[in-house]
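Student:
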Amino acid sequence: MKIAVEYTAQVKKAAGVGREEIDVPEGTTLQDLVKTVAETRADTLKPLLFPEGDALHPSMLLFVSNEQVLWDEPLTLQPHHSVTILSPISGG
């Protein structure tokens, strides 16, 4: 199944694209998808998302179809889902 993945802010820069479709098998979780995306860009995206191993960087935000999902709450993706990976924007 294809899942639309949108990247914003620093994540977009590291991914090199703003949006893409990822083909994943049925039963894939959000966590599986994020790890897969990170591995496909191991030099740029993985250090941003997973700076210390398997734990997602605590400032990263994940949304599935516009609803925030916490990293430690496994969610099985469905064909109609879209995923957004967002790093908070700061500044003054």
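Numbering (the numbering used here), first residue to last: 1017 to 1108.
Note that beta-carbon positions come from the ideal geometry of N, C-alpha and C, so glycine has one too.
This one's a predicted model, so the numbers in the text were calculated from it and none came from an experiment.
Specify the secondary structure class of Gln1094 as computed by DSSP and reduced to three states.
Tutor: Looking at Gln1094 - three-state DSSP - the assignment turns out to be coil, as it is neither helix nor strand.
Student: Mind checking who Val1021 pairs with in its DSSP beta bridge?
Tutor: According to DSSP, Val1021 bridges with Glu1036, Val1099.
Student: In its own chain, which residues sit with a C-beta less than 7 Å from the C-beta of Ala1054, not counting the 5 before and 5 after it?
Tutor: The residues are Leu1061, Lys1062, Leu1065, Phe1066.
Student: Cβ atoms of Leu1046 and Leu1091: under 8 Å apart, would you say?
Tutor: Closer than 8 Å, so yes.
Student: Using C-beta distances below 6 Å, list every residue in its chain close to Trp1087, excluding the 5 sequence neighbours before and after it, in chain order.
Tutor: Only Leu1072 meet the Cβ criterion.
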